[in-house]
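Contents: one structure, followed by commentary.
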Amino acid sequence: MYHATINGTKKVDIEWDGKHQEVILDGKTYSTDVLTHSARTSHWIHNNKSYNVEIVQLNGENKELQVKVNGTMYQVQLKDRFDDLLKSLGMEVAGVAKFKDLKAPMPGLVLDIMVDEGQSVEKDSPLVILEAMKMENVIKSPAAGIVKKVSARKGQAVEKNTVLIEFA
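Per our numbering, residue 27 is the first one in the sequence shown, and the count goes up by one each step.
Following this line, the structure appears as structure tokens:
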């Protein structure tokens with residue numbers, strides 16, 4: 027079962043395995059005819075009404091999607107039983123990457139800084155090259171963000187947990 031929030035306001039419980047013709051919405055069973063055209067497009071018929079459905083954008087990591095139904099766009103946020111479990115344990119933001127700074131994972135020498143203050147970075151963007159034990163280590167961004175301050179300098183020796191970069 028999924029809990030869907032549509033366009034940020036409407037909440038619906040959905041059960042559908044993607045294979046069968048029955049969909050359960052808020053506990054009520056609906057029988058439909060579904061013809062799948064591709065991985066992102068399908069045609070549904072319910073109560074003699076036709077619905078063209080297209081998944082325009084899918085973000086599996088955040089469980090968000092944009093769905094176009096008969097030309098109308100909907101933003102959908104999904105939560106499953108694992109999200110509910112995390113929430114009940116007080117850990118609902120555990121899957122969201124939030125970070126304020128990038129720290130040196132080991133002592134070493136800063137060989138290069140690959141970003142500037144104010145620059146936007148994506149997850150896994152290279153930020154710093156740190157030499158440790160005669161090896162060059164590329165330190166990457168753990169999530170998308172904006173560089174607030176570059177604390178490290180090229181040629182600087184740093185200890186483990188020294189703040190290299192701060193994020194907004």
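No residue lacks a Cβ here, since even glycine has one placed at the ideal position from N, Cα and C.
The region 124-142 makes no contact with the region 99-114, as fewer than three CB pairs between them are under 8 Å. Following the DSSP letters along the chain, one finds leucine 115 in no beta strand (DSSP E), marked with neither H nor E.
By a beta-carbon distance limit of 8 Å, glutamate 192 contacts aspartate 127. Their separation comes to about 5 Å. A buried status is given to alanine 178, since no fewer than 16 other beta-carbon atoms sit within 10 Å of its beta-carbon. Unbroken alpha helix (DSSP H) runs of no fewer than 4 residues, entirely contained in the region 146-173, are not found. The beta carbon of threonine 188 is closer than 7 Å to those of Lys129, Ala130 in its chain, skipping five residues each way along the sequence. In the DSSP annotation of this structure, the continuous segment of the beta strand (DSSP E) that includes aspartate 138 starts and ends at 134-139. As the crow flies, the alpha-carbon of glutamine 101 is around 6 Å from that of leucine 91. Taken through DSSP and simplified to helix, strand or coil, phenylalanine 108 comes out as helix. In the three-state DSSP reduction, glutamate 143 falls in the coil class, being neither helix nor strand. DSSP lists His69 as the beta-bridge partner residues of leucine 61.
Going by DSSP, glutamine 182 is part of no beta strand (DSSP E) at all; its letter is neither H nor E.
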